[in-house]
Amino acid sequence: MTAPVVSPAVPARLPIARQPIWTADGQLFGNEFLYRSRDGLPAQVDRWHSDRQDVATASVLDVLFGDGPPVATSLAFVNITRSFLVDDRRLPAHAGRLVLEIVESVTVDDEVLAGLQRLRSRGYRIAIDDFSAAPDQVAMMPYADFVKIDCRDVHRQGAALVELARRHGAMLVAERVADAALVDECRAWGFDLFQGDELGPAITLAL
554 MTAPVVSPAV
564 PARLPIARQP
574 IWTADGQLFG
584 NEFLYRSRDG
594 LPAQVDRWHS
604 DRQDVATASV
614 LDVLFGDGPP
624 VATSLAFVNI
634 TRSFLVDDRR
644 LPAHAGRLVL
654 EIVESVTVDD
664 EVLAGLQRLR
674 SRGYRIAIDD
684 FSAAPDQVAM
694 MPYADFVKID
704 CRDVHRQGAA
714 LVELARRHGA
724 MLVAERVADA
734 ALVDECRAWG
744 FDLFQGDELG
754 PAITLAL
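Using my numbering, read the sequence shown as starting at 554 and increasing by one per residue.
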């Protein structure tokens with residue numbers, strides 16, 4: 554018997570990685586779940602065309618909320634592309650557990666803003682990923698429950714970036730916290746949540 558053919562546009566259940574997100578007092582707040590290749594390695598999805606990014610996101614959501622055994626037992630942060638915001642692709646009905654991380658390639662228009670408002674009204678939480686004060690990101694800030702900032706961008710742009718991110722009351726997540734000194738710096742900057750290799754690297758899960 555020959556093996557079934559799997560369409561490359563709808564990949565089979567692929568590995569995903571999990572990286573913890575911690576509170577300032579060391580409590581687990583949630584996890585970010587990341588796409589991985591069939592070999593369990595990072596795939597540099599942020600460099601892909603948007604159509605392929607859509608497929609990667611759908612694959613992660615299927616692993617988390619599909620028919621398999623449960624993987625996400627706390628808040629699940631997942632990178633989300635435009636298609637999921639404007640209802641071109643469906644989201645799983647697990648709004649209370651899912652945080653939609655809007656990737657930096659999403660450009661703002663009326664459809665995106667309406668989608669953000671609609672999804673928040675349904676109970677989904679919104680995070681702005683890799684916030685660097687780009688105009689599209691600033692336009693989405695009123696809808697954000699979380700704003701995630703790469704520590705390197707704070708070093709480049711200064712504390713004003715953190716103050717801007719805080720403007721609408723979102724919780725601030727420090728990303729790429731790579732060593733103990735950065736943990737202390739992020740606390741001093743006033744971050745609420747912490748994510749990075751110093752506190753727990755992204756680990757590919759055995760599914």
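Every residue gets a Cβ at the ideal spot worked out from N, C-alpha and C, and that includes glycine.
None of these values were measured; they are calculated from a predicted model.
Hey, would you say the C-beta of residue i is under 8 angstroms away from at least one heavy atom of the ligand NAP?
| i | result |
| --- | --- |
| Glu585 | Looking at this structure, you won't find the ligand NAP or any other ligand, since it has none at all. |
Less than 7 angstroms between C-beta atoms, sequence neighbours within five positions excluded: which residues of the same chain meet that for residue i?
| i | result |
| --- | --- |
| Ala562 | Residue confidence is low: Ala562 scores 43 on pLDDT, short of 50, so the model does not pin down where it sits. Its coordinate-derived value is still stated next. These residues qualify, in order along the chain: Val608. |
| Val598 | Tyr588, Gln606, Ala609 |
Can you pull the DSSP bridge partners for residue i?
| i | result |
| --- | --- |
| Val700 | Ile681, Leu725 |
| Ala570 | Leu587, Thr757 |
| Trp742 | DSSP, once it has assigned bridges, lists no residue as partnering Trp742. |
| Phe747 | Trp575, Ala727 |
| Leu581 | Trp575 |
Taking 9 angstroms as the threshold (C-beta atoms), are residue j and residue i in contact?
| i | j | result |
| --- | --- | --- |
| Ile569 | Leu758 | yes |
| Asp703 | Val652 | no |
| Arg719 | Tyr696 | no |
| Asp689 | Val730 | no |
| Val691 | Leu717 | yes |
| Gly753 | Gln572 | yes |
| Glu657 | Ala629 | no |
| Ala734 | Leu714 | no |
In terms of residue numbering, what span does the alpha helix (DSSP H) encompassing residue i cover?
| i | result |
| --- | --- |
| Phe618 | 603 to 618 |
| Ala712 | 712 to 718 |
| Val691 | 688 to 693 |
Return the chain-ordered list of same chain residues with a C-beta closer than 6 angstroms to the C-beta of residue i, the five sequence neighbours on each side being excluded.
| i | result |
| --- | --- |
| Asp732 | Glu751 |
| Asp574 | Per the sequence shown, the amino acid found at residue 574 is Ile instead of Asp. Taken in chain order, the residues that qualify are Phe582, Gly583, Leu746, Gln748. |
| Phe744 | Leu725, Ala727 |
| Pro645 | Leu614, Phe618 |
Cutting at 8 angstroms between CB atoms, please list the residues of its own chain near residue i, excluding the five before and the five after it.
| i | result |
| --- | --- |
| Trp601 | Ala609 |
Ordered list of alpha helix (DSSP H) runs contained in the stretch 620 to 665, each at least 4 residues | 635 to 638
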